[in-house]
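With my numbering, the residue at position 274 of the sequence shown is 274, and numbering never jumps.
Input: a single structure, listed below in structure tokens.
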Amino acid sequence: MTNLSIVIVPAKRLSNGKHRIRIAVAHRSQTRYISTQFILDSTSQMKNGRVVKHENATNINACLRKLINEYEEILSSIHYQSTLSCTELIHLITREQQKKGITFGKVAREYLSFMETEERRKSYKLYNIAFKKLLKYMKGDFPLIQLSPTHIQGFADSMKEEGLKETSIRIYLTLIKVVLNYALKMNYVTYLVHPFVLFKMPVSNVRELDLSVEGLKKIRDVKLFKPGHIMTRDIFMLTYYLGGINLRDLMEYDFTNRASMRYIRHKTRNSKKNENEIAFTIQPEALAIINRYISENGKLVFGQYSSYEKVYSLVFRHINKVVSLAGIDQKSIILFC
């Protein structure tokens, strides 16, 4: 059986002569201690596990009693105490205690740190926007366990009042849900009622995104004069000739061998599933464009635009104008980035 008690340890006196209050954990004939934030001036201010002769004694005793109750609740949920050493038991208690107070902001920052290592820059920015919007609605950071279905509905309503479109609201809520599910998988939080259990995600509008062969030919053959427009058209057509390759994969690929192409998509290369390599021969139409932009290291460089971010910005700014000049309804084209 494990016993908890409130103590000060004279041998662990602080350098200034004061004493920190600790929780003594007695387990399997051993005693270890968990430090608290409370400090007493002398040993005489602790008597039978209670703080005395201290100006804030009442509040300190209430906090310590609450802490003991929380530790006892954690202990009651551990059915394998007998297999743990006293040190292991303390690690488990403190870890469970930390989880109770874990905030949305802390979990969000942890999730974002993983995205930084995976170089998911576009997704990182979008997640960051979603997190900031929720924290603004909640008026600051908050314990994850406190998030409820009422909060999620209110958050959605606030974004609607803000004038956001249904698609944007759906995206932001989906990203929030992803992080909550991450917290559940990591055992950071347990919900009796999941915050999204009653919420119905806004339905995104169905858009016609198909581009006909005739439309593609119009983009290929349209006379363009501005360098930005020409490079945008070349990038768009190259992705078509290379089997719909993602822009990030296009910018990372080494085209030194221009006879064929073999790669694994950036979005799936870290997947737990078997990696699916894509391989095909490079057709003359694609090769003609590659030869115009290939650099000495085999990578494509579009004028002053050499990075994924810069090329993405180039295409984003000019694609609609190119489509318009080709005589195509702008709504019928979609970015491939």
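Every residue gets a Cβ at the ideal spot worked out from N, C-alpha and C, and that includes glycine.
Supposed close pair residue i, residue j - CB separation, criterion 8 Å
{"i": "R22", "j": "I8", "result": "7 Å"}
{"i": "I328", "j": "K218", "result": "6 Å"}
{"i": "T179", "j": "Y111", "result": "The question names Thr, but residue 179 is Val in the sequence shown. Confirmed, about 5 Å."}
{"i": "P227", "j": "V193", "result": "The pair is not a contact, with the Cβ atoms about 57 Å apart (cut-off 8 Å)."}
{"i": "T190", "j": "L75", "result": "With a Cβ gap of about 17 Å, T190 and L75 do not count as contacting."}
{"i": "E72", "j": "L4", "result": "7 Å"}
Exposure label - residue i; buried when at least 16 CB within 10 Å
{"i": "I129", "result": "exposed"}
{"i": "R248", "result": "buried"}
{"i": "A62", "result": "exposed"}
{"i": "K133", "result": "buried"}
{"i": "H318", "result": "buried"}
{"i": "A286", "result": "buried"}
{"i": "Q30", "result": "exposed"}
{"i": "V315", "result": "buried"}
{"i": "Y308", "result": "buried"}
{"i": "V213", "result": "exposed"}
{"i": "I334", "result": "In this prediction, I334 has a pLDDT of 49, which is less than 50 and means its spatial position is unreliable; what the coordinates show is noted afterwards. Exposed."}
{"i": "Y188", "result": "buried"}
{"i": "V323", "result": "buried"}
{"i": "P195", "result": "buried"}
{"i": "T83", "result": "exposed"}
{"i": "F114", "result": "exposed"}
{"i": "V25", "result": "buried"}
{"i": "V197", "result": "exposed"}
{"i": "H19", "result": "buried"}
{"i": "L352", "result": "The structure shown does not extend to residue 352, since the chain is modelled only from 1 to 337, so the question has no answer here."}
Min CB distance residue i to chain B below 8 Å
{"i": "K12", "result": "You won't find chain B in this structure, because it holds only one protein chain."}
DSSP beta-bridge partners of residue i
{"i": "N3", "result": "A26"}
{"i": "I294", "result": "L300"}
{"i": "Y33", "result": "A24"}
{"i": "H19", "result": "L40"}
{"i": "Y172", "result": "None; Y172 has no bridge partner."}
{"i": "P143", "result": "T103"}
{"i": "Y305", "result": "F302"}
For residue i, three-class secondary structure by DSSP
{"i": "R50", "result": "strand"}
{"i": "M261", "result": "strand"}
{"i": "A326", "result": "coil"}
{"i": "F114", "result": "helix"}
{"i": "I90", "result": "helix"}
{"i": "I235", "result": "helix"}
{"i": "I282", "result": "coil"}
{"i": "I8", "result": "strand"}
{"i": "L184", "result": "helix"}
{"i": "K200", "result": "coil"}
{"i": "E344", "result": "With the chain running from 1 to 337 in the structure shown, residue 344 is simply not present."}
{"i": "L127", "result": "Looking at the sequence provided, one finds Tyr at residue 127 rather than Leu. Here Y127 sits in helix by DSSP."}
{"i": "G228", "result": "helix"}
{"i": "S82", "result": "helix"}
{"i": "K132", "result": "helix"}
Among the options, nearest to residue i - alpha-carbon criterion
{"i": "D234", "options": "L184, E162, V51, G303", "result": "G303"}
{"i": "T94", "options": "R32, K125, N59, H79", "result": "R32"}
{"i": "L224", "options": "K321, T83, Y111", "result": "K321"}
{"i": "Q283", "options": "G243, L250, M251", "result": "G243"}
{"i": "M231", "options": "N187, Y293, E252, K125", "result": "Y293"}
{"i": "R40", "options": "T167, I6, N69", "result": "First, the amino acid is wrong: residue 40 is Leu here, not Arg. The residue with the shortest Cα to Cα distance from L40 is I6."}
{"i": "S158", "options": "Y172, S123, Q146", "result": "Y172"}
{"i": "Y127", "options": "K177, V315, L67, Y240", "result": "K177"}
{"i": "A11", "options": "F142, S42, E73", "result": "S42"}
{"i": "S313", "options": "K122, F280, T281", "result": "K122"}
{"i": "R220", "options": "Q97, K18, A326", "result": "A326"}
{"i": "F199", "options": "M186, T174, E161, L75", "result": "T174"}
{"i": "Y305", "options": "I90, T256, Y240, M251", "result": "M251"}
{"i": "F280", "options": "A259, L300, L238", "result": "A259"}
{"i": "F255", "options": "E277, S295, M237", "result": "S295"}
{"i": "M201", "options": "G215, Q153, T87, L147", "result": "Q153"}
{"i": "Q45", "options": "T167, H54, G163", "result": "H54"}
{"i": "V107", "options": "H229, H266, F131, E162", "result": "F131"}
{"i": "Y80", "options": "N291, L92, I102, N48", "result": "L92"}
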